[in-house]
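Participant: Please read through the structure below; I'll follow up with questions.
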Amino acid sequence: MHADIDTVRNIIEKAKKEGRIYLNEIESKKIVAAYNIPVVKVDVARDVDEAIEKAKEIGFPVVLKIFSPDILHKSDVGGVKVNLKNEEELRKAYEEIMNNVKSRVPNARIEGVVVQEFAPDGLEVIIGGLFDQFFGPVIMFGLGGIWVELLKDVTFRLAPIDEREADEMIKEIKGYKLLTGYRGAEPVDIEEIKKALVNVGKLLYENQEIKELDLNPIMTYRNGIKVVDARIILKGE
Ligand code: ADP
Ligand code: MG
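Residues 336 to 572, numbered by my numbering, are exactly what the sequence shown covers, in order.
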């Protein structure tokens with residue numbers, strides 16, 4: 336299937352026109368979804384009542400995240416609340432997020448909250464991208480959490496990549512065994528991770544204004560995967 340190129344071009348052109356290099360979570364996820372990479376359902380709400388409305392449309396449980404052009408690392412400032420099962424939990428989470436953010440980043444412009452589908456816990460993986468001034472678009476793969484933070488267990492290729500290269504990337508990380516079901520744990524959907532890698536490679540290659548891309552984390556399951564956080568940064572002028 337073809338990526339919805341118009342969607343992607345429109346988002347990038349709009350940001351450029353507005354002099355922005357940071358795409359917001361909604362824009363980043365739309366671009367990722369346009370390349371047929373599975374993403375959680377998302378919407379934006381300007382106040383708590385609208386957040387409840389959107390949560391009902393998406394279906395509980397949901398996740399709330401601060402929506403601000405000035406906050407890149409949302410959980411660092413108490414800006415993420417997951418697995419909200421009903422209206423009451425959502426109201427409480429909304430208030431907590433707003434209080435956290437106002438006390439920790441008092442000058443941040445707050446545009447509302449992102450309401451999204453809650454993806455159940457899975458093994459977290461990361462797909463990243465960057466534009467290297469000598470090599471061009473580069474794709475990265477690794478396991479999430481401490482695997483990337485502490486052990487730097489990641490691997491890189493020049494983009495685009497084909498299925499065979501995607502397969503090599505997956506197999507060459509040190510934590511590969513975790514994906515195949517280590518010590519009785521469930522194996523995850525390696526075929527879907529492979530497809531996502533190929534599609535991200537294509538995304539990076541076809542949109543070389545992208546300087547950085549970060550799908551962190553992607554939840555992986557026995558059947559299927561879901562991107563729960565996406566961040567795209569464009570090159571400056
Ligand atoms: P940031 O990276 O900006 O701090 P994230 O959007 O990655 O914020 O959220 C922080 C953590 O919350 C994620 O690493 C993930 O474990 C969890 N999370 C985020 N969104 C979802 C979601 N839609 N479903 C389930 N868990 C989520
Ligand atoms: Mg994240």
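Ideal Cβ positions, reconstructed from N, Cα and C, are used throughout, including at glycine.
#1: Classify Phe466 as buried or exposed, calling it buried when 16 or more other Cβ atoms lie within 10 Å of its own Cβ.
#2: At the level of alpha carbons, what is the spacing between Glu353 and Asp378?
#3: What are the boundary residues of the alpha helix (DSSP H) that Arg439 is part of?
#4: Quick one: is the Cβ of Asp564 within less than 7 Å of any heavy atom of the ligand MG?
#5: For Asp549, which of Gly559, Asn558, Ala531 and Tyr556 has the nearest alpha-carbon?
#6: Return helix, strand or coil for Arg499, following the three-state DSSP convention.
#7: Between the Cα of Arg355 and the Cα atoms of Val489, Ile553, Phe470 and Ile545, which residue gives the shortest distance?
#8: Ordered along the chain, which non-local residues of its own chain (more than five positions away) have a Cβ less than 7 Å from that of Ile432?
#9: Does DSSP classify Ile340 as helix, strand or coil?
#10: Can you find at least 3 beta carbon pairs, one from the region 436 to 448 and one from the region 460 to 478, that sit closer than 8 Å?
#11: For Leu485, count the other beta carbons within 10 Å of its own beta carbon; 16 or more makes it buried, fewer makes it exposed. Which is it?
#12: Please report the distance separating the alpha-carbon of Leu458 from that of Gly516.
#13: Which of the three DSSP states is assigned to Ile401 in this structure?
#14: So Ile568 packs on Tyr357, CB below 8 Å; how close in whole Å?
#15: Ile387: which of Asp411, Glu424, Val375 and Leu407 sits nearest, CA to CA?
#16: Hey, would you say the C-beta of Phe395 is under 7 Å away from at least one heavy atom of the ligand ADP?
#17: Taking 7 Å as the cut-off, is the beta-carbon of Glu452 closer than that to any non-hydrogen atom of the ligand ADP?
Facilitator: Looking at the coordinates:
#1: buried
#2: 21 Å
#3: Glu422 to Arg439
#4: yes
#5: Ala531
#6: helix
#7: Ile545
#8: Leu399, Ile401, Gly413, Gly414, Lys416 and Val448
#9: helix
#10: no
#11: exposed
#12: 10 Å
#13: strand
#14: 6 Å
#15: Glu424
#16: no
#17: yes
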